[in-house]
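Step one of this worksheet: look at the structure below.
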Amino acid sequence: TLSRTVATAETVTVSYTKPTGDNVVQDTAGNDAVSFSNQAVTYRATATDTTPPEFHSAAVRGSELVISYIEANTLLSIGPMPSSSFRVSSTTGTAITVLAVVVLPSSKTVVLTLNRAVAETETVTVSYTKPASGGVQDAAGNYAANFSEKAVTHGTTAADTTAPVIHTAVVTGDQLVLTYTEANTLDGAALAGNAGFTVNTAAGTTAITVTGAMVNATDKTVTLTLSRAVAETETVTVSYTKPTTGNGVRDAAGNNAANFSEKDVTRRPSDTTPPVINAATVNGNQLVLTYTEANTLNAAALAGNAGFTVNVHTTAGTTAILVSGAMVNATAKTVTLTLSRAVANSESVTVSYTKPESGNVVEDAAGNDAADFNSQVVTNNTPAPSPSPAPGPGPGRRGR
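This is the structure we're talking about:
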């Protein structure tokens, strides 16, 4: 942290001489970084993003409707968003239901999976109303505004008549993920019971019951929840027969996936390593905690302060800053805390975590809870205030 803000017109260099003590820059293997001199520094603005995402366009192809936003940052990758936040209407009068909503941060798009394909002759509009909790927002936490009856263009090309084909099957613990090859997306409609799937171990052993099946339309996967975890020594196969009632696996154009039998399942060791706090930075009232984790974090919403406490340390003593909210970015493996006030550039800050006794906690996707930690030093990236302008000539005085 620098003692003042660097002006855009300044040319800056940085040098490093390895200290004689024990605390030096080194890698995890203990190799010390070498000294260097006059390394050029690239200037990068650090202005806070206060501009919300803006609706740009919407296009539909089959049963997939893609909404594009204008946003200098990226969108925030969040957990499942209520399908009721979006409403799709057609001039045909036939209802269109939104089954699932997926946010794609990098492309700044929101993908809606519809309950039916949209014909090229239909005129379609889409509306959005921010839900009571969450909603479309950018990485800085700015919420997108509601919009109503936006025109949707057609991206539909030739009709899709190719059925999804099973590609891979991988099991981790009690979760068996089937990946399909499909040019379109899968139909996101809910699957009931075992959805037509059976899982068997080596000959002569009892089948493993499939207790549930969940479709990820965009990723083109079906995740089976099993009645027990699969041991790493077991040989497992999976079979599928389209159910006679209820929904089966199919693509967004309605092509049913073919039956298959005794597909070999690849075993993946279960993740038993919990997330570990790696770094903490603060800019204004946003404190970002980064975790080291081979998997992803669990995106489930955290309530209240989520077990976090933030303190400011001065020569006069220690004072707390209230944590008013916590948001998980599962893919980036971060937890962003919203503080009750902005941290000043000159303040020294630490953060601590005690796992809550109830409600959701910080954990990885395998359910390993993050460990408590105490007084983690926070890097303060809050910009220093700009200097006040010099006073002008007083009343009755003339400048020279």
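In this text, residue positions in the sequence shown follow the numbering used here: the first is 2, and each later residue adds one.
Beta carbons: idealized from backbone N, C-alpha and C, even for Gly.
Treat the numbers as computed from the prediction; the structure is a model and nothing was measured.
- When secondary structure is reduced to three states using DSSP, residue 376 falls in the strand class.
- With 16 or more neighbouring CB atoms inside 10 Å of its own CB, residue 383 falls in the buried class.
- Pairwise C-beta distances place the stretch 272-289 in contact with the stretch 331-348, as three or more of them are shorter than 8 Å.
- Residue 301 holds the alpha-carbon nearest to the alpha-carbon of residue 361 among 301, 255, 210.
- The C-alpha of residue 110 lies about 24 Å from the C-alpha of residue 303.
- Exposed is the label assigned to residue 323, since fewer than 16 other Cβ atoms lie within 10 Å of its Cβ.
- Taking the CA atoms as reference points, residue 215 sits about 15 Å from residue 244.
- Judged by DSSP in its simplified three-state form, residue 387 adopts coil rather than helix or strand.
- Residue 348 holds the alpha-carbon nearest to the alpha-carbon of residue 317 among 339, 348, 329.
- Judged by beta-carbon spacing, residue 186 lies within the 8 Å limit of residue 65, meaning their Cβ atoms are closer than that value.
- Comparing alpha-carbon positions, the option among 272, 359, 170 lying closest to residue 262 turns out to be 170.
- Beyond the five residues adjoining it in sequence on each side, residue 386 comes within less than 8 Å, by CB distance, of 346 in the same chain, given in chain order.
- Sixteen is the threshold: when 16 or more other Cβ atoms of the shown chains lie within 10 Å of the Cβ of residue 258, as they do, the residue is buried.
- Its Cα nearest to that of residue 307, the residue 290 stands out among 290, 2, 103.
- For the stretch 297-371, the continuous beta strand (DSSP E) assignments of 3+ residues that do not extend past its boundaries occur at 309-315, 318-322, 324-330, 335-340, 349-354, in sequence order.
- Spatial neighbours of residue 14 in its own chain (CB-CB distance under 7 Å, excluding positions within 5 residues in sequence) are listed in chain order as 39, 40, 41, 42.
- Considering only 17, 268, 313, the residue with the shortest C-alpha distance to residue 202 is 268.
- With fewer than 16 other beta carbons inside 10 angstroms of its own, residue 37 counts as exposed.
- Unbroken beta strand (DSSP E) runs of no fewer than 3 residues, entirely contained in the stretch 82-139, are found at 87-91, 99-105, 110-115, 125-129, following chain order.
- Contact between residue 121 and residue 93 does not hold, since their C-beta atoms are separated by about 12 Å, which reaches or exceeds 8 Å.
- Taking a C-beta distance under 8 Å as the contact criterion, residue 70 and residue 118 do not qualify as a contact pair.
- DSSP lists 176, 213 as the bridge partner or partners of residue 226.
- In the three-state scheme derived from DSSP, where H, G and I count as helix and E and B as strand, residue 151 is classed as strand.
- Residue 255 holds the alpha-carbon nearest to the alpha-carbon of residue 163 among 368, 255, 194.
- Excluding the 5 residues flanking it on each side, residue 227 has same chain C-beta neighbours closer than 8 Å at 172, 175, 176, 177, 200, 209, 210, 211, 212, in chain order.
- Residue burial annotation: residue 165 is buried, with at least 16 other C-beta atoms found within 10 angstroms of its C-beta.
- For residue 279, same chain residues with a beta-carbon under 8 Å away, outside a window of 5 residues either side, are 291, 292, 293 in chain order.
- According to the DSSP secondary-structure assignment, residue 282 is paired through a beta bridge with 289, 380.
- Per DSSP, reduced to three states, the secondary structure at residue 221 is coil, with no helix or strand assignment.
- Taken through DSSP and simplified to helix, strand or coil, residue 252 comes out as strand.
- Taking a 10 Å sphere around the C-beta of residue 297, we find 16 or more other C-beta atoms and assign the residue as buried.
- Excluding its 5 nearest sequence neighbours in each direction, residue 196 has C-beta neighbours in its own chain below 6 Å: 214, listed in chain order.
- Beta-carbon to beta-carbon, residue 247 and residue 333 are separated by about 37 Å, too far to satisfy the 8 Å threshold.
- The residues 197, 198, 260, 261, in chain order, have a CB closer than 6 Å to that of residue 241 in the same chain once the five nearest residues on each side in sequence are set aside.
- About 11 Å separates the beta carbons of residue 218 and residue 191, which is beyond the 8 Å limit, so they are not a contact pair.
- Assignment of beta-bridge partners to residue 14 by DSSP yields 41.
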